[in-house]
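Note that our numbering has the sequence shown beginning at 37, numbered continuously upward.
Glycine included, each C-beta is placed from N, C-alpha and C at the ideal position.
Before any comments, here is the structure.
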Amino acid sequence: MDISYIINELGEDRSQYAGAVAPPIMQTAMFSFDTVEKMRETLQQESEMPFYTRGHNPTTHILEQKMAALENAEDALVFASGSAAVAAAVIANVNQGDHVVCVQKPYSWTNKLLNSFLNRFGVTNTMVDGTDPQNFESAIQPNTRVLFLESPNSWTFEQQDLAAVAQIAKKHDIVTIIDNSYATPLFQKPIDYGIDIVVHSATKYISGHSDTVAGVLCASKAMTNKIFASEYMTLGGVVAPFNAWLLLRGLRTLPTRMDRVSATTAIVVNYLQEHSMVSKIYYPYLESDPQYTLAKKQMTKGAGQFTIELAIDDIALIEKFCNHLQRFLMACSWGGHESLIFPACVLHTSANYNRAVPPVNMIRFCIGLETPEALIADIEQAFGAIIPEIR
Ligand SMILES: *Cc1c(COP(=O)(O)O)cnc(C)c1O
37 MDISYIINEL GEDRSQYAGA VAPPIMQTAM FSFDTVEKMR ETLQQESEMP FYTRGHNPTT
97 HILEQKMAAL ENAEDALVFA SGSAAVAAAV IANVNQGDHV VCVQKPYSWT NKLLNSFLNR
157 FGVTNTMVDG TDPQNFESAI QPNTRVLFLE SPNSWTFEQQ DLAAVAQIAK KHDIVTIIDN
217 SYATPLFQKP IDYGIDIVVH SATKYISGHS DTVAGVLCAS KAMTNKIFAS EYMTLGGVVA
277 PFNAWLLLRG LRTLPTRMDR VSATTAIVVN YLQEHSMVSK IYYPYLESDP QYTLAKKQMT
337 KGAGQFTIEL AIDDIALIEK FCNHLQRFLM ACSWGGHESL IFPACVLHTS ANYNRAVPPV
397 NMIRFCIGLE TPEALIADIE QAFGAIIPEI R
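Given below as structure tokens:
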């Protein structure tokens, strides 16, 4: 299906709302009926029909249809956060005593879900180096029910071979879930490679404006029906209609933003690659990256996140460099219109919960919609502020 059709038309029936170009925000908790019969009939199809907004809302439903089509999935569910979507996908597919194999170093709260929350319910896991698909197979136990991927993963952007892992999972009758937030459905379509469930932090590129927290889950109709009837309705972490509307608005410009972000990132990464202050870059779409061939196979472009290691380990100077950046905001999250850094030294405090944290000289960047010239000039002046002090 044509992407511009999905984004501009699919799921929208403007004749239903006075020809309004932007769909209405159905900011209502519930929907009313003229007759008992109509109400009874609607309740039978609570996931498909406007009955109660925890189950179905027409504004949210437009977004569900678009996201499902973008991911080549049969159906989608929208959640109040990416973490709610991740949790629903995993919890729906495990019972007490089951086991999950997960790529190592997933997003921090995915890690927490598996290593703290689900442990309370007797669900165990093995975290594997996902760069070799064989590691997933080797970690499979008789009670393994889920293989969890995040490709590229957070901070260091290692990839997993989606087709190979999906094939292993099918052989063992195990459900595969991928966190596809980094690539978006525009740059990577995991379902085409045989992955069962795709989840997104829609807070990031789908929203694209750093003004909404939300999540999306795309899968077969059978899978979304199963999740709807349990985790979606019981845990109830569904998106508010207004936030769904903001996501629809963000989605309108997703292709334009992603193309721009990808092009600017290539320029900034090239600049940093040559810089004597940078000892290493983690970016999957770099020709020198060990997984570049895989990146070209399963992602059409590189997105805007990468991590650098500075060629210094003096924390005071690292902090000074970060503090001197003007155009890059210092914040968590990513995927909005603005460029950001997240310095790993933020995580190096006495209260870092003893978790494995990225080395202190790592800085994660996310490129926004500024010009590459402005961003490079900003980095250059911040390096200029610390270079005289290096001994
Ligand atoms: C931010 C993020 C999440 C969590 O999403 P929220 O919307 O913040 O709940 C999950 N996975 C990845 C890769 C993320 O970056």
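Item checked: Integer Cβ distance of Gly166 from Gln140, believed to fall under 8 Å -> 7 Å
Checklist line | Which of helix, strand or coil DSSP assigns to Gly286 | finding: helix
Check: For Tyr88, which residues does DSSP report across the bridge?
Finding: Met66
Note to self: In whole angstroms, give me the CA-to-CA distance for Ala250 and Cys368.
What the structure shows: Computed Cα separation, rounded: 15 Å.
Margin query: What does the alpha-carbon distance come out to for the pair Leu46 and Met313?
Written below: 48 Å
Check: Considering only residues of the region 152-226, which uninterrupted alpha helix (DSSP H) runs meet the minimum length of 4 residues and lie entirely inside it, listed in chain order?
Finding: Taken in chain order, the complete alpha helix (DSSP H) segments of 4 residues or longer contained in the region 152-226 are 170-175, 198-207 and 220-223.
Margin query: By the DSSP assignment, the beta strand (DSSP E) with Ala255 in it spans what residues?
Written below: Gly251 to Ala255
Margin query: For the region 96-108 against the region 283-294, do three or more pairs of beta-carbon atoms, one drawn from each stretch, fall closer than 8 Å, so that the two count as touching?
Written below: yes
Notebook entry, point to check: Between Tyr389 and Arg156, what straight-line distance do the alpha-carbon atoms span, to the nearest angstrom?
Noted result: With a pLDDT of only 49 at Tyr389, under 50, the local geometry of the prediction cannot be trusted, and the value read off the model is given with reservation. When rounded, the distance between both Cα atoms is 18 Å.
Item checked: Buried/exposed call for Asp168, threshold 16 Cβ in 10 Å -> exposed
Next item on the list: Using the Cα positions of Leu154 and Glu267, report the straight-line distance between them to the nearest angstrom.
Entry: Spanning the two alpha carbons is a distance of roughly 14 Å.
Next item on the list: Provide the residue span of the alpha helix (DSSP H) that contains Tyr41, from first to last.
Entry: Residues Ile39 to Asn44.
Notebook entry, point to check: Excluding sequence positions up to five away, which residues of its chain have a Cβ less than 8 Å from the Cβ of His97?
Noted result: Gly47
Next item on the list: Drop a sphere of 10 angstroms on the beta-carbon of Ile426, count the other beta-carbons inside from all chains shown, and report buried for 16 or more, exposed for fewer.
Entry: exposed
Next item on the list: Would you verify that the beta carbon of Thr220 is, or is not, closer than 8 Å to some beta carbon of chain C?
Entry: In the structure shown, chain C does not exist; there is a single protein chain.
Note to self: Just to confirm the assignment, what range does the beta strand (DSSP E) spanning Val126 have?
What the structure shows: Looking at the DSSP string, Val126 is not in any beta strand (DSSP E); the run it does join, the alpha helix (DSSP H), is Gly118 to Ile127.
Checklist line | Residue from Met75, Gln362 and Pro394 with nearest C-alpha to Ile344 | finding: Pro394
Notebook entry, point to check: Buried or exposed: where does Glu31 fall if 16 or more other Cβ atoms within 10 Å of its Cβ makes it buried?
Noted result: For the chain, the structure presents residues 37 to 427; residue 31 sits outside this window and is missing.
Note to self: For ligand 1, is there any heavy atom lying closer than 7 Å to the beta carbon of Lys240?
What the structure shows: yes
Check: Got a sec: does ligand 1 put a non-hydrogen atom nearer than 7 Å to the Cβ of Glu374?
Finding: False, no ligand heavy atom lies under 7 Å from that Cβ.
Margin query: When you measure from the CB of Glu186 to every non-hydrogen atom of ligand 1, does any distance come out below 7 Å?
Written below: True, at least one ligand heavy atom lies under 7 Å from that Cβ.
Check: So the alpha helix (DSSP H) Met103 belongs to, where does it begin and stop?
Finding: Pro94 to Leu106 is the extent of the alpha helix (DSSP H) around Met103.
Check: Would you call the region 127-146 and the region 181-197 touching, i.e. three or more CB-CB distances under 8 Å?
Finding: Flag = yes, the region 127-146 and the region 181-197 touch.
Notebook entry, point to check: Hey, would you say Ala202 sits closer than 8 Å to Ile176, going by beta carbons?
Noted result: no
Check: With 16 as the cutoff for other CB atoms within 10 Å, does Ser274 come out buried or exposed?
Finding: The sequence given here has Val at residue 274, not Ser. Val274 is buried by the Cβ-count criterion.
Check: For ligand 1, is there a heavy atom less than 7 Å away from the beta-carbon of Trp145?
Finding: Yes, the beta carbon of Trp145 sits closer than 7 Å to at least one heavy atom of ligand 1.
Check: Could you give the distance in angstroms between the alpha-carbon of Ile39 and the alpha-carbon of Leu405?
Finding: 21 Å
Margin query: Just to check my reading of the structure: Thr89 and Ala124 have Cβ atoms closer than 8 Å, yes? What is that Cβ distance to the nearest angstrom?
Written below: The Cβ separation is near 17 Å, so there is no contact.
Notebook entry, point to check: Gln80 lies in the alpha helix (DSSP H); which residues open and close that run?
Noted result: First-last of the alpha helix (DSSP H) with Gln80: Val72 to Gln80.
Margin query: By DSSP's criteria, Asp349 is part of a beta bridge. Which residues make up the other side?
Written below: DSSP, once it has assigned bridges, lists no residue as partnering Asp349.
Notebook entry, point to check: When we look at the beta-carbon of His384 and count the other beta-carbons within 10 Å, is it buried (16 or more) or exposed?
Noted result: exposed
Next item on the list: Out of Gln81, Thr95 and Ala116, point me to the one whose CA is closest to Leu3's CA.
Entry: Outside the shown range of the chain (37 to 427) lies residue 3, about which nothing can therefore be said.
Checklist line | Run of the beta strand (DSSP E) containing Pro408, from where it starts to where it stops | finding: First-last for Pro408: Pro408 to Ile422, but that is the alpha helix (DSSP H), not the beta strand (DSSP E).
Checklist line | Distance, Tyr319 Cα to Gly338 Cα | finding: Cα to Cα, Gly338 sits roughly 8 Å from Tyr319.
Check: Span of the beta strand (DSSP E) holding Leu330?
Finding: No beta strand (DSSP E) holds Leu330; the alpha helix (DSSP H) holding it covers Tyr328 to Gln334.
Note to self: Under 7 Å: does the beta carbon of Tyr218 sit that close to some heavy atom of ligand 1?
What the structure shows: yes
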